Amino acid sequence: MRMMVAGLVALIVIGPSLLVHGMVWLARRRRRPAPARPVDPATAGVAILVVAHDEEDRILDALATARAVVPAENVHLVSNGSTDGTAGLAHRLGAEVVETLGTLTTAGAVAAGVHAFHLLDRFSYVLVLDVGIRLAPGHLERALPLFADPGVAAVDARVAPDWLPPRRILAAYRARRYVLTQSFGRGPKGPPATVARGLPAVGRIYRTAVLAELELDPPGLVEPDLDLTLQVYRRRLGRVTLCPGAPAVTATSLRLRDHRRLTRRAVAGLWQTAHRGRVGPALAAQLLELFVAALVTTLVPLAVLLLALPLDWAPLDAARSAGTPVELAGGLVAADVLLTLAAAVAARQPRYLLAGPLFPLLRIVDAVGVLRATLARHPTTAGRIEAPAATVPEPRAAPDDEPARERRAVRWSVPLGWALWTAAAVALVARVVAVLPVLPASAAEVTLSRSGYERFAGLGGGVPGPLAATDRQLAAYAWLTDPFGRHGSVLTSARELSVVALVVLLAALLVLTVLLRLHPLVSAAALAVLAAVGPSVAVLGPIGPGLVAAAWLGLAAVGALLLARAFARDRLLLVAVAALLTLATGLAAAATAPLLIIPAGVAVTTWLWFLDVERYEPDATWRGHAAVVLFATASIAALLWRADLMLAPTGGVLTGIQRPALLAAVTITAGAGLVVPRIRPLSVGTLTGVGLAAGVGAQAGVLLPALVAAAAVIAALLLDAAVRSPAPALAGGVAAALTAAAAVAGLLIAPPAAPPADHLALARWVGRQLEASSTLTVPPDVWADLHRDFARTHPRTAVRRAGDEPAEGLVVLHGKPSGGHMLGRFGGLTLVTTLLDESYLDPAPRVRAGAQLVRNEHLTPSSQARAALVAGRVDLRAMAVLAGLCAEYDIRLVRTGNSPHERGSGLPDRTIVVSTSDGQAGSEAVLSWLAAQESPFAPDVARPTPEGIAIGWRVPESLEGATG
3 MRMMVAGLVA LIVIGPSLLV HGMVWLARRR RRPAPARPVD PATAGVAILV VAHDEEDRIL
63 DALATARAVV PAENVHLVSN GSTDGTAGLA HRLGAEVVET LGTLTTAGAV AAGVHAFHLL
123 DRFSYVLVLD VGIRLAPGHL ERALPLFADP GVAAVDARVA PDWLPPRRIL AAYRARRYVL
183 TQSFGRGPKG PPATVARGLP AVGRIYRTAV LAELELDPPG LVEPDLDLTL QVYRRRLGRV
243 TLCPGAPAVT ATSLRLRDHR RLTRRAVAGL WQTAHRGRVG PALAAQLLEL FVAALVTTLV
303 PLAVLLLALP LDWAPLDAAR SAGTPVELAG GLVAADVLLT LAAAVAARQP RYLLAGPLFP
363 LLRIVDAVGV LRATLARHPT TAGRIEAPAA TVPEPRAAPD DEPARERRAV RWSVPLGWAL
423 WTAAAVALVA RVVAVLPVLP ASAAEVTLSR SGYERFAGLG GGVPGPLAAT DRQLAAYAWL
483 TDPFGRHGSV LTSARELSVV ALVVLLAALL VLTVLLRLHP LVSAAALAVL AAVGPSVAVL
543 GPIGPGLVAA AWLGLAAVGA LLLARAFARD RLLLVAVAAL LTLATGLAAA ATAPLLIIPA
603 GVAVTTWLWF LDVERYEPDA TWRGHAAVVL FATASIAALL WRADLMLAPT GGVLTGIQRP
663 ALLAAVTITA GAGLVVPRIR PLSVGTLTGV GLAAGVGAQA GVLLPALVAA AAVIAALLLD
723 AAVRSPAPAL AGGVAAALTA AAAVAGLLIA PPAAPPADHL ALARWVGRQL EASSTLTVPP
783 DVWADLHRDF ARTHPRTAVR RAGDEPAEGL VVLHGKPSGG HMLGRFGGLT LVTTLLDESY
843 LDPAPRVRAG AQLVRNEHLT PSSQARAALV AGRVDLRAMA VLAGLCAEYD IRLVRTGNSP
903 HERGSGLPDR TIVVSTSDGQ AGSEAVLSWL AAQESPFAPD VARPTPEGIA IGWRVPESLE
963 GATG
């Protein structure tokens, strides 16, 4: 099993398509292509178009490389917005030069050069050359014969790294990507695999007839070069092949920062190209493979780190049984080593193996860049030069009005989104309300509900310091709405405030959806997952500081966004109102759950730290402010921790694996949010909260509602990023599939449920079976309910909490009794007595009396009553009364029994139903006879029923007036 997990990681990292094509390459390796007729580049009509931007230090080598393969008059240079001496130096070297007015994309500069130099009219082939590429000797002699095949539209150069320092490792890594895709990733049909990997063409030679049919600089693409390749196949202009023989050398010396930027740019262009063109199933599968491989490569290091931590957590133990950290890391490294070995064999360059040890780290950097580029929004590229229609034809019109179609889709999707959002919100609230009566009570809920009832009933009340703010809010809510008279239990009455807090939280999410300009469908999907996942419903139901603080925090987030917008629009009145809202609600959240200060402070610190990046202001930095916020957060947290106000004795309602599973789901969601810059502050704060919840334990349960709400916001932002990505169909489909899987998995985990405590039935039983002066000792979580029940049904019965005095006499317990004698079960409650005379339970005298009664000629018992008499299950007081009645009347004993709550207690049957043959007159005579009896035989209940006269006694006199 472990090796299977490591092997699966390796397979995903390598890529199934690359593996299949590699096997095909091995099978065909011995085949040698037929020799082609040599072609003289000087007479073939080849123009070289060099594109350069501020390349004064390298333009000399680039022009020398071009002149080595074609005549000097065939070399042309486009100075792409250069601000140095690139254009002047090229002029002095004798090259034909054209300068653009601004910096264009590479494809835009190529379009400008083709138009300015009239290359389509003067030459048969055009070779587009970057300054950082040096062609191998004889490259054109090997490439041009390939055009003898009329199906060849363009020819790419092979790539090899420049092994010279100082950037040889990074150059070798970039070259390895080309070697693998060019050697092993090419199928017999369709675009080359370099397109699916986001790799632009290197040293490509176009037929001018093909170049005239292409849209060289499509609008809105950050990397149009990839789209050119797809245009060749989409317009059926031929195919792009690879030049055999010696490769071109990449002489570009890049820093890691530049490599990351180019990677994100290339992948962004890839997704935009895929969205623009009609990609086939094979290319779509490779795009999905690229995304999945990047996701796995990013998650494996996180999983290795998590599994390596010494945490005693059931999900981690299960994961460790599937694969150890060493095996997971080994699968990732082994896959990369195999790729390096394959590249070394294909390129016949053993030096790849020397640079290979650092390639896995660069692979992780690339994977993060792929995910960021996939989920990020890409602005439309501006500043392009439009080629004339005669040179670059306009694309053919779509058969239908596509913009109108999109407008109609948007017009219908927004109302549908809000309808689904409303349905998801109502479903979430309804499910929370449905599970409130059966959710187990946490320690904080017991304390808060009892204190709230005591305050409401005028009995005082009080809670520990960390719960004081929530207690006051509950008292204010009870004073305004009187919830304790509307529900079956005090706990459910107090939980009414949690429903209000949940509604406020949903209202904040609604406003955030509008302010963040999220599509309502993505927010509805996040709410639907919350409503489906059982642990999240259990977290959003109980009353406590966590949920109330989360509602205040949601309002604070709304105020912060309004404040930012007011600042941007210079609206002073709105600034004042938003600042007041943010300050008031933020302080309320901090006072309700002080532990929230830590993740909130870390989130604000992260936002300020990257604020210059978010605003695209490289010269402005807010990192000093971030340091101040972090220091203030740490100081306040330390003071509150020292004063013992940070942690609240909340306990928890989640059972078994539910709490770890919920934290794991929040961690995965927040970890995915790190990829998108605008989500990163919220993700960092959420991960900080997860760390506190996992490290501190149950006392950090106040964070769970806020973490669940934050995960919902992150999920909505991620879904929105997927929908707005360059490939919305693929990214949105993957995101929708993951969301549906999360919802289905959540439905399989039901919220925890506790056995119901039928305190009202207990109060009624005590009122009927015991004297009014009896005193019960009950658990703290039942005390308020019984106090309220007895105030309604039996005002003189006293109720005290367990712990006030020694629990003796009549005691109410949860579950089975550990001592004493059970009197009855009432749902999850058991009534136990320590005062019952054991002789009352002795069946021997009852068996003897019952045997005499069944032989009495004046008594006719039913089969059930006969069995009860013979077995000695009938109370001696009832049998004495039966004997007295039989002395004067012919009696039929219909049945015997007790209250249903006493089943299994072992108490004798104290209720009998009798009838006479004289009808109504006989019943009145029996009632008169019973009224004349004296204690202990006088019954407590004697009333006519359709079956006969029901006669009943209370429990033995030894329990009457018990005081414990």
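Residue numbers (this note's numbering): 3 to 966.
Ideal Cβ placement from N, Cα and C applies to all residues, glycine included.
As the structure is a prediction and not an experimental result, all values here were calculated from the model.
Beta-carbon separation (whole angstroms), residue i vs residue j, contact threshold 8 angstroms
i: Val650; j: Val704; result: Before going on, a small fix: residue 650 reads as Ala here, not Val. Right, their Cβ atoms sit about 5 angstroms apart.
i: Val577; j: Leu589; result: Rounded, the Cβ-Cβ distance is 18 angstroms, inconsistent with contact.
i: Leu79; j: Glu98; result: 7 angstroms
i: Thr472; j: Thr594; result: 6 angstroms
i: Ala666; j: Ile716; result: Rounded, the Cβ-Cβ distance is 15 angstroms, inconsistent with contact.
i: Val668; j: Val710; result: 7 angstroms
i: Ala639; j: Ile599; result: 6 angstroms
Within 8 angstroms, strictly: CB atoms of residue i and residue j
i: Ser907; j: Gly852; result: no
i: Asp911; j: Arg875; result: yes
i: Leu613; j: Gly675; result: no
i: Val983; j: Gly556; result: No information on residue 983 is available, as it lies outside the stretch 3 to 966 that the chain covers here.
i: Phe293; j: Tyr175; result: no
i: Ala568; j: Ala580; result: yes
i: Arg450; j: Gly546; result: Arg is not the amino acid found at residue 450; the sequence shown has Leu there. Yes, the pair counts as a contact, with Cβ atoms nearer than the cut-off.
i: Asn82; j: Val48; result: no
i: Thr971; j: Leu340; result: Here the chain has residues from 3 to 966 only, and residue 971 is not among them.
i: Val813; j: Val834; result: yes
i: Val133; j: Val52; result: yes
i: His903; j: Ser491; result: no
i: Ile135; j: Gly205; result: yes
i: Ala602; j: Gly687; result: yes
i: Val655; j: Pro938; result: no
i: Gly218; j: Val116; result: The question names Gly, but residue 218 in the sequence shown is Leu. Yes, the pair counts as a contact, with Cβ atoms nearer than the cut-off.
i: Ala755; j: Gly830; result: no
i: Leu837; j: Gly811; result: yes
i: Leu334; j: Thr299; result: yes
CA-to-CA distance, residue j to residue i, given in whole angstroms
i: Leu788; j: Glu456; result: 13 angstroms
i: Leu131; j: Pro683; result: 42 angstroms
i: Glu890; j: Ser453; result: 59 angstroms
i: Leu514; j: Ala426; result: 16 angstroms
i: Ala562; j: Ile670; result: 26 angstroms
i: Leu469; j: Phe486; result: 20 angstroms
i: Gly467; j: Pro662; result: 28 angstroms
i: Leu606; j: Pro544; result: Position check: residue 606 holds Val in this sequence, whereas Leu was assumed. Straight-line Cα distance between these residues: approximately 28 angstroms.
i: Pro863; j: Ser925; result: 17 angstroms
i: Ala510; j: Val560; result: 6 angstroms
i: Asp151; j: Thr243; result: 11 angstroms
i: Glu57; j: Leu610; result: 36 angstroms
i: Ala724; j: Thr376; result: 7 angstroms
i: Val943; j: Leu772; result: 13 angstroms
i: Pro782; j: Ala553; result: 28 angstroms
i: Trp481; j: Asp646; result: 29 angstroms
i: Trp643; j: Ala708; result: 20 angstroms
i: Gly963; j: Ala551; result: For Gly963, the predicted model reports a pLDDT of 40, less than 50, meaning its position is unreliable; a value from the coordinates is still stated below. So the two alpha carbons sit approximately 47 angstroms from each other.
i: Trp414; j: Ala305; result: Unreliable positioning characterises Trp414 in this predicted model, as indicated by a pLDDT of 49, which lies under 50. A coordinate reading is not provided.
i: Arg60; j: Leu512; result: 55 angstroms
i: Ala934; j: Ala786; result: 41 angstroms
Counting pairs of beta carbons, one from the segment 577-587 and one from the segment 741-761, are three or more of them closer than 8 angstroms?
no
Cβ contact check for the segment 940-951 and the segment 915-924: 3 or more pairs under 8 angstroms:
yes
Does the count of Cβ pairs from the segment 115-122 and the segment 145-160 closer than 8 angstroms reach three?
no
Touch check for the segment 85-92 and the segment 202-218: three-plus C-beta pairs under 8 angstroms?
no
Is there contact here, the segment 218-234 with the segment 94-112, by at least three beta-carbon pairs under 8 angstroms?
yes
Three Cβ pairs or more, each shorter than 8 angstroms: is that satisfied between the segment 490-498 and the segment 521-539?
no
Under 8 angstroms, with one C-beta from each stretch per pair, do the segment 870-885 and the segment 836-850 reach the 3-pair mark?
yes
Let me know the alpha helix (DSSP H) ranges lying completely inside the segment 105-187, each 4 residues or longer, listed in chain order.
108-119, 121-124, 141-145 and 170-186
Restricting to runs no shorter than 3 residues, where is the beta strand (DSSP E) found entirely within the segment 861-921?
861-863, 893-899 and 913-918
Just list the alpha helix (DSSP H) runs in the segment 440-505, keeping only unbroken ones of 4 residues or longer that don't cross its boundaries, in chain order.
445-459, 470-483 and 492-496
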